[in-house]
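Novice: If you count the sequence shown from 1, you need to add 447 to reach my numbering.
Ideal Cβ placement from N, Cα and C applies to all residues, glycine included.
Sharing a structure with you now.
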Amino acid sequence: MSHFTKIRTRLVDEATLRAALKRLGFNAVDARNGVKGWMGGSAQADFKITPGPSDYEIGFVKDAGRYSIVADWWGINSTSKAKFTANVTQAYGLEGTVATLAEQGFELGEEVTEEDGTVRLTLRRSV
């Protein structure tokens, strides 16, 4: 019996997604052998991370131009699927914003995360 869940997202750019995962402290690697789950089960993915001390992994697979998150959440104790998805989505937005503004000549001056999770960026540009 498979316990894998696939979460559809609006994340489309692999480089931005990998940067977001790095921002969150994860090392994304190719998922040639799939994503590990319960009883040695696996699911296909393009790349994956190991979220904690267990052998279970979280994978990312591109489907119809967008990435989906695939994992056997039963064995992942370090986070929940809702919290993980929210954190990745926020980090993806931050990475995309900073990259887009850097292309327009802005530099990141300061980044502050408030108690409620709000992130405030201070950017500057020379004229």
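Below 6 Å CB to CB, which residues in the same chain sit around Val545 once its five sequence neighbours on both sides are set aside?
Specialist: Once the five neighbours on either side are set aside, the close Cβ partners of Val545 are Leu555.
Novice: Sorted by chain position, which residues of the same chain lie with C-beta nearer than 6 Å to Glu567's C-beta, five sequence neighbours on each side aside?
Specialist: The sequence shown places Arg at residue 567, not Glu. So the qualifying residues of the chain are Val559.
Novice: Any chance you could list the beta strand (DSSP E) runs of at least 3 consecutive residues sitting entirely within the region 491-542, in chain order?
Specialist: Fully enclosed beta strand (DSSP E) runs of 3 or longer: 494-496, 505-510, 513-518.
Novice: Compute the beta-carbon to beta-carbon distance between Gly407 and Ala490, rounded to the nearest angstrom, for a pair I have assumed lies under 8 Å.
Specialist: With the chain represented from 448 up to 574, any question about residue 407 goes unanswered, as that position is not in the structure.
Novice: By the DSSP assignment, the beta strand (DSSP E) with Thr569 in it spans what residues?
Specialist: Counting along the chain, the beta strand (DSSP E) containing Thr569 begins and ends at 566-572.
Novice: Beta carbon of Phe575, beta carbon of Val476: below 8 Å?
Specialist: Outside the shown range of the chain, which is 448 to 574, sits residue 575, and nothing can be said about it.
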